[in-house]
Amino acid sequence: MQNVLIVIHLLIVIALVGVVLLQRSEGGGLGMGSGGGGGVGGFMTGRGQANALTRATAILAGLFFITSIALAVMATHGRTQRSIIDGAPAPAGTTAPAAPSGPSAPNAGGVLDQLRQMQNQGGSQPPQPGTPTR
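Right, here's the structure in full:
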């Protein structure tokens with residue numbers, strides 16, 4: 001059933017492209033060779049042709065949307081819903097973050113404060129992650 005709908009969808013797309021290219025634009029488009037006024041060899045008058053092509057475009061566009069939605073529904077039919085979060089493995093060694101030690105001022109314990117403490121203590125190595133500073 002899905003293959004049949006895909007073939008119908010492709011036929012609608014080809015027809016829609018053809019109808020759009022046949023319409024007259026400001027520059028004439030591919031429909032410029034029809035004579036414009038619909039002379040002796042013309043199929044319809046200019047206004048009648050524009051109305052027919054506009055109506056055909058609207059009908060084909062509606063069919064395109066209907067087949068697109070039907071294909072989307074058919075593609076998702078029978079699939080179980082699952083979340084990306086549910087399937088994600090937990091990283092190894094995950095622990096709760098340690099509570100910061102030291103003053104509770106907004107900027108206390110920042111990188112600059114740690115560097116000042118190291119400079120005052122005379123230490124040359126930066127503190128290791130996960131170890132509390134003094």
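Here full-length UniProt numbering is used: position 28 in the sequence shown is 28, and no number is missing along the way.
Note that the Cβ used here is the ideal one computed from N, Cα and C, for glycine as well.
These numbers were taken from a predicted model, which means no experiment stands behind them.
Where GLN2 is concerned, the enclosing alpha helix (DSSP H) starts and stops at 2-22. Linking HIS9 to SER68 through their CA atoms gives a straight-line distance of about 7 Å. Leaving aside the five residues that flank LEU53 on each side, the residues in its chain whose CB is nearer than 7 Å to its CB run, in chain order, VAL19, LEU22 and GLN23. In the assembly as shown, LEU115 is an exposed residue. Its beta-carbon has fewer than 16 other beta-carbons within 10 Å. Going by C-alpha positions, ARG55 is about 11 Å away from GLY48. Exclusion of the five residues before and after MET74 leaves MET1, GLN2 and LEU5 as the residues of its chain whose Cβ lies within less than 8 Å of its Cβ. Secondary structure of ARG116 (DSSP, three-state): helix.
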